[in-house]
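Please read the structure below before turning to the comments.
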Amino acid sequence: MNYDRLRSVFSSGLLFIFWLLVSLAIVPDIIDYSVKFHQQIKSMSLWIEFIVVWLQFFFAFNLFITNCFAEKYIIPKTIFDERPIVPEFHESFPSRIFYSWATPLILRGYKTPLTEKDCWNLPISERTVAVVHQVRNYMKGWTSCNSYEKISLNNIKLSESNQLEDEHQNLVNVPIVDMKNSSSKYKKTSSFWYALFCTYKDKLFIGGFIKIVHDLLQFSGPMILKLLLNFFTDPTKPKWLGIFYAILLSITVFCQIILLRAYFHCQFLIGLRFRSAITGLVYRKSLKLSNSSKQETTTGEIVNLMAIDASRFGEVTHHIHVLWSGRTLFIFVRDMNFSIMFIILIGPLQLVIALILLYRQMKFSIIPGVTLLFIMIPLNLYLQRIQKKLTFKQMTIKDQRIKMTNEILNGIRVLKLYAWEIAFIRSITHIREKELEYIRKKAIVNAISNILWTFTPILVGITTFATYVLSSDTNILTADKAFVSLTLFNLLRSPLVAFPTVFNNVVEARVSNKRIEKFLSNEEIDENAVDRMSVESKIEQGSLIAFVGMVGSGKSSILAALLGEMNKIHGRVIINGTIAYVPQIAWIMNTTLKENILFGRDFDKNLYNRVIEACALKQDLDMLPANDETEIGEKGINLSGGQRQRVSLARALYSNADIFLLDDPLSAVDAHVGAYIFKHVIGPKGLLKDKTRLLVTHGLSHLNKCNDIIVVSQGEIIDHGTYNDLMIRSIILQDFVHSIALSRTQHYQHQTSDIESPKSIPTTPSELLHKSFEFTENDIQHDELHPTIIEIEEEKNTTIQKETIQTGSVKLNVFLIYIRSCKLLMIVLISFLAFAMQLIHKLVSYIAGRKLHWIILIGILHAPMSFFDTTPIGRIINRFSKDIDSIDSALPNAFSQSLTSLIIVVATLIILVYGSWVALIELIPLAILFIYIQRVYISSSRQLRRLDSVTRSLIFANFSETIQGLSSIRAYHVQQRFIDLSDKFMDRNQSCHLASSVSNRWLGVRLEIIANLLTLFTAITAVFMRDHLTAGTVGLMITYALQITHSLNILVRMSSDIETNIISVERINEYAQLTPEAPWEIPRTKPSPHWPTNGNIQIRDLSIRYRENLQLVVKDFSINIQSGEKIGIIGRTGSGKSSLCLSLLRIIEPTNGTIIIDNVDIRLIGLHDLRSKITIIPQ
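Following numbering that gives the first Met the number 0, the numbering of the sequence shown begins with 0 at its first residue and continues without gaps.
Here is the structure:
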């Protein structure tokens, strides 16, 4: 009791079992006294003893009933979540062993659609942050070491040796930077698997103990069966003895059911922790990767680690104990410099006990069978080694496929603009074919292995029986010997059949373990590359420093070095204060515009309003449907480039940091907006006037307002000083200014030659600086063009669409889609050719996997850009990774096992009815109960699986967003906030995953109890009809009835798995059925190969919107552009310039109006015919 109290368990299982046994122990005494009274043996002492026995039973039974209920406990709700904690450990012991605490959830799913809020919240100790902390305690051996190396002259170097000798020359002390070599890497001293094992060894041992008790209890069944069959051979034995044997057999089976479900639940919880640990550690590692590690590790590889490899570890825990209870235990021990695999034969428990009992039945006749058994084991181990190699190669190819898919999705706009879809379809299909080739080879090897393991017990049994009968004329194969031996052979068969699957899981987990170890051992960014110490700065506080130079000169690399994002070779950067960073390419999170600016900080209304005003965002906010609460799509897709850059700048301003690193923040905004922002933010009178600002820029108009200018060329600081000084002495700066001035002057002359005199054209850099950027503050307030901010009704201000969660049963056409993909002929062959079924179902996965991957790939690439604007990339990647993996492996396996179980169940029922027609009466009520439980379970399980899939997508969407903004996250030192967000998404998914698994346990217990009742009724019926039944018939009926317990459970679970895994087909078909954009080619309207010949463009009454229900971004626009004309389109950021250009390539289809190019209406021709003839340089 004290142990249970310490674990906060509110109903003691030990007390429940104790009082149950005490109550049962008193029952024989009650029966004995009842018999004595019946025999008229009455006395006062007998009455007293009888009353005392009944009182003992009364109190013991009352205490037993009391322990059937838990103490009242109010399940707490978390502060930030309305969902209660998992109620398991606060329920009564019967509720825990029967999983009745999950009944309210399952019934709710049967009656109403389930939502994420219906699932329980994870306990504190089971959440990702706690699990990662626990595993990290055993990863201390993975110590960090520093390794700096200067290796290549081609690497960007920023040398501190080029300092000048005047008073300004100690302005910056910049380290030499190596972009390829990492500064920090891990040295492993133990395997990752070993760290997981040490963390949860206690729970693994508990699961192992439960498995041992279950396995030992399994052998009581054949012994009781022998006693029961002997009862039928001796007519003199009383019927109550046969009933006792039948009840005893049922009780042992019942105990096996409870223990097996408890074992699976225990192992599942361990797998849940493994998955949380791997995902959490991989995400945390991703935030620390150095530049060289990021180049070596693709986003697709990391997604695979989180989506597939983490699941592999979760799956292997379910049956890991079968390796020692049935065969062999593999322990992997890693030393600091090498790894050794010890194969320890820990008394293959079931095998040894089964062989001992078989020897008692058949004596030395078992030797040929055992010899055959041990001949088959090495052959299968050899096949498993081949399968391991194929799995490793398949996972490598899968990484390449996910990597390319991720690249396609990230560059989908460019692909469509340049009509490159077909080329990329060929590339990714080629990779998929290579992956399918390894899947096909794996299928053949796996099918051979499964067939060998399936037929080994049968061959062993035939060999043993034949040897026994033929070895001596006195050896008679009686019913008890035959059926007890068959039962033992079935027990022998279970671990042998399970062994290939379990070993395959172990092989895949080993491959995943190596991949995870490799990733976690990757080099990390050197956190000591930048020292943050309270020392006097060499760049004075409040200075505005500009970095100038040609493209590729190394300006951005300097800022990256100051952030510690590059590898330091030598030198120091000493920074006093916090840093804010504005990257050259703005990073926008998939959340509201306000949250993008706050970036996790507390809301300060005055500061916030000043930032909005300074960044010229006020007018943009007024046009948004929910103002700053409008949700911004992934990558800021519903903002223009200039708007995204201003949001990124506003985020930096709101951080109120001490030092601002600005990487060309004005390049994406229009000139007048840029002038406004420089004046109100960056310049001497802006909000940052008292802050230290390091500005990378190509703009010439701002240089004379900077305190110092640093000239960078070929990765080196070659000069610095004030603008006037450098214009006099710095040849490189003069060349830089003159090159920009010349290009702008030439462009300016061409555009204004018809309306301006030559002397009005600026001829010097300084004139150009003032002439080209004469904009007033009022320019930003006057804009006649319409903004492209996507306006939408108040109730529709969410850009990212919620992922579709289907309700109700999976539609028949979804099954037909899969069946058509699998080829109907193969489905028929699977049904009728039992021997070839193992091979065929693997080939089915090969064929279906190829076709379904093809249709989702075509569906995605044919989808319009509006789909990608509203769908996170992580969600799409999840379909290409996890859902395709389910189709490649889980779905065909579920089909195969369900068909096998169906055949066994049908055959068993036929045998039972053939043996006794009374069994038909018993079957009817049990069948009704079975159907009801199945319907309730499948309805809830289907919804829980869908919730699991949807919440899993959030993990990958968040990870994809994190990788894109990694530099900004590091610069603002908000890694912990993103880690917390990732952990939150992981915990949400784990809670749905837990609910789905518990529903499986709930089903398993109830179905196996129904099957056990069938066995009990069969045995009792046989006892009462023993005059009409032979021992052989009874043995056949009970032997098959015992088998139905397992087969019935597998049948329902695999049927449910088919429906829940077919959701992957449903999700893929959803994307395959997306409304496509216009055809790529239309043969009947295909333009001439020489079109367009002139380049005349006529736009008439053009109106466009990004999606239905959104406001027009261009209204009734008309223009005629003659051949050879160069047209400039100007306007405020968000005014519709880019939208107009995109409409020329039909990225955005016109709502009204026409676009005619050289007398061809572009709406009438194929997209590739159009886009391949027009070139665009995207923003």
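Think of the CB as a built atom: it goes at the ideal place given N, C-alpha and C, for glycine as much as any other residue.
Inter-residue spacing [alpha-carbon to alpha-carbon] between residue 286 and residue 907 = Translated into the one-based positions of the sequence shown, residue 286 becomes position 287. Translated into the one-based positions of the sequence shown, residue 907 becomes position 908. Between residue 286 and residue 907, the C-alpha separation is close to 57 angstroms.
Have a look at residue 653 and residue 610 and give me their C-alpha separation to the nearest angstrom.
-> The residue you call residue 653 lines up with position 654 of the sequence shown. The residue you call residue 610 lines up with position 611 of the sequence shown. Distance between the alpha carbons of residue 653 and residue 610: 7 angstroms.
Under 8 angstroms between C-beta atoms of residue 308 and residue 515 = Against the sequence shown, residue 308 aligns to sequence position 309. Against the sequence shown, residue 515 aligns to sequence position 516. In this structure, residue 515 lies closer than 8 angstroms to residue 308 by Cβ.
Per DSSP, residue 1097 forms a beta bridge with which residues?
-> Residue 1097 sits at position 1098 when you count from the first residue of the sequence shown. Residue 1097 is bridged to 1119 and 1155.
Delimiting residues of the beta strand (DSSP E) encompassing residue 720 | As a first step, residue 720 must be located in the sequence shown, where it is residue number 721. It spans 715-720 - the beta strand (DSSP E) in which residue 720 sits, taken as one unbroken run.
Residues sharing a beta bridge with residue 711, DSSP | Reading the sequence shown from its first residue, position 712 is the one you call residue 711. Note: residue 711 sits in a beta bridge opposite 716.
Top-ranked residue by Cα proximity to residue 1180, from 356, 861 and 613 | Past the edges of the chain, shown from 0 to 1178, lies residue 1180, and the structure says nothing about it.
Buried or exposed: which applies to residue 930, given that a residue is buried once 16 or more other Cβ atoms fall within 10 Å of its Cβ?
-> Walking along the sequence shown from the start, residue 930 turns up at place 931. The residue is exposed, with fewer than 16 neighbouring Cβ atoms inside 10 Å.
Pull up the DSSP beta-bridge partners for residue 630, would you.
-> Numbered from 1 along the sequence shown, position 631 holds the residue referred to as residue 630. Answer is 591.
6 angstroms CB neighbourhood of residue 511 in its chain, flanking five on each side removed = As a working mapping, residue 511 is identified with position 512 in the sequence shown. Closer than 6 angstroms at Cβ, skipping near neighbours: 308 and 311.
Using the Cα positions of residue 413 and residue 1078, report the straight-line distance between them to the nearest angstrom.
-> Start at 1 with the first residue of the sequence shown, and residue 413 comes out as number 414. Start at 1 with the first residue of the sequence shown, and residue 1078 comes out as number 1079. Residue 413 and residue 1078 have their C-alpha atoms roughly 18 angstroms apart.
Cα-Cα separation between residue 1246 and residue 605, rounded to whole angstroms | The structure shown has nothing for residue 1246, since the chain only spans 0 to 1178.
In DSSP terms, what residue 546 is bridged to | Indexing the sequence shown from 1 puts residue 546 at position 547. DSSP lists 695 and 709 as partners of residue 546.
Does the beta-carbon of residue 591 have 16 or more other beta-carbons within 10 angstroms, so that it is buried, or is it exposed?
-> Counting from one through the sequence shown, the residue named residue 591 turns up at place 592. Buried is the call here.
Whether residue 958 touches residue 411 by CB criterion (8 angstroms) = Translated into the one-based positions of the sequence shown, residue 958 becomes position 959. Translated into the one-based positions of the sequence shown, residue 411 becomes position 412. Remark: C-beta atoms of residue 958 and residue 411 do not approach each other more closely than 8 angstroms.
So, do the segment 225-236 and the segment 1027-1035 have three or more beta carbon pairs nearer to each other than 8 angstroms?
-> When C-beta atoms of the segment 225-236 are compared with those of the segment 1027-1035, three or more pairs fall below 8 angstroms, so the two segments count as touching.
Taking the C-alpha atoms as reference points, what is the distance between residue 352 and residue 216?
-> Numbered from 1 along the sequence shown, position 353 holds the residue referred to as residue 352. Numbered from 1 along the sequence shown, position 217 holds the residue referred to as residue 216. For residue 352 and residue 216, the distance between alpha carbons rounds to 11 angstroms.
Over what stretch of residues does the alpha helix (DSSP H) that includes residue 984 continue unbroken?
-> Counting from one through the sequence shown, the residue named residue 984 turns up at place 985. 974-1023 is the extent of the alpha helix (DSSP H) around residue 984.
Residue 377, DSSP secondary structure in three states | One-based indexing of the sequence shown puts residue 377 at position 378. It is helical.
Would you mind stating whether residue 988 and residue 950 have Cβ atoms separated by less than 8 angstroms?
-> If you number the sequence shown from 1, residue 988 lands on position 989. If you number the sequence shown from 1, residue 950 lands on position 951. Going by C-beta atoms, residue 988 is nearer than 8 angstroms to residue 950.
Which one of 1100, 981, 921 and 661 has the shortest CA to CA distance from residue 967?
-> Indexing the sequence shown from 1 puts residue 967 at position 968. The option with the nearest alpha carbon to residue 967 is 661.
With respect to the alpha helix (DSSP H) encompassing residue 59, which residues constitute its N-terminal and C-terminal limits?
-> Within the sequence shown, the letter at position 60 stands for residue 59. Residue 59 -> alpha helix (DSSP H) spans 43-65.
Looking at C-beta atoms only, is the number of pairs between the segment 931-948 and the segment 263-273 that lie closer than 8 angstroms three or more?
-> No: fewer than three Cβ pairs fall under 8 angstroms.
Please work out which residues of its chain come closer than 8 angstroms, Cβ to Cβ, to residue 360, disregarding the five sequence neighbours upstream and downstream, and give them in chain order.
-> Residue 360 sits at position 361 when you count from the first residue of the sequence shown. Closer than 8 angstroms at the Cβ level, and outside the excluded window around residue 360, lie 480, 483, 484 and 487.
By DSSP, does residue 355 sit in helix, in strand, or in coil?
-> Indexing the sequence shown from 1 puts residue 355 at position 356. Here residue 355 sits in helix by DSSP.
Taking the C-alpha atoms as reference points, what is the distance between residue 1157 and residue 640?
-> In the sequence shown, residue 1157 corresponds to position 1158, counting from 1. In the sequence shown, residue 640 corresponds to position 641, counting from 1. Residue 640 has its alpha-carbon roughly 31 angstroms from the corresponding atom of residue 1157.
Is it true that the CB of residue 619 sits closer than 8 angstroms to the CB of residue 1133?
-> Counted from its first residue, the sequence shown places residue 1133 at position 1134. Counted from its first residue, the sequence shown places residue 619 at position 620. Against a cut-off of 8 angstroms, the Cβ pair of residue 619 and residue 1133 comes out as a contact.
Do you know whose CA, among 935, 1036 and 948, lies nearest residue 1005's CA?
-> Counting from 1 along the sequence shown, the entry for residue 1005 is found at position 1006. For the set 935, 1036 and 948, the Cα lying nearest the Cα of residue 1005 is the one of 935.
Is the closest heavy atom of the ligand MN to the C-beta of residue 410 under 7 angstroms?
-> You won't find the ligand MN in this model; it holds no ligand whatsoever.
Proximity below 8 angstroms, CB of residue 256 to CB of residue 921 | For this step, residue 256 is matched to residue 257 along the sequence shown. For this step, residue 921 is matched to residue 922 along the sequence shown. Between residue 256 and residue 921, the CB-CB gap reaches or exceeds 8 angstroms.
Drop a sphere of 10 angstroms on the beta-carbon of residue 349, count the other beta-carbons inside from all chains shown, and report buried for 16 or more, exposed for fewer.
-> Stepping through the sequence shown from its first residue, residue 349 is reached at position 350. Per the 10 Å Cβ criterion, buried.
Using the Cα positions of residue 418 and residue 1171, report the straight-line distance between them to the nearest angstrom.
-> Counting from one through the sequence shown, the residue named residue 418 turns up at place 419. Counting from one through the sequence shown, the residue named residue 1171 turns up at place 1172. Roughly 6 angstroms between the two C-alpha positions.
Could you check where the alpha helix (DSSP H) with residue 1253 kicks off and where it finishes?
-> Lying outside 0 to 1178, the shown extent of the chain, residue 1253 is not represented and no answer is given.
Taking one C-beta from the segment 447-466 and one from the segment 1008-1018 each time, how about it: are there three or more such pairs within less than 8 angstroms?
-> Per the Cβ contact rule, the segment 447-466 is not in contact with the segment 1008-1018 (fewer than 3 Cβ pairs under 8 angstroms).
Pick from 223, 241 and 137: whose alpha carbon is nearest that of residue 200?
-> Here residue 200 refers to the residue found at position 201 of the sequence shown. Closest option to residue 200, Cα to Cα, is 137.
Based on Cα-Cα distance, which residue from 1095, 1149 and 369 lies nearest to residue 1106?
-> Position 1107 of the sequence shown, counted from the start, is the residue given in the question as residue 1106. The shortest Cα separation from residue 1106 among 1095, 1149 and 369 belongs to 1149.
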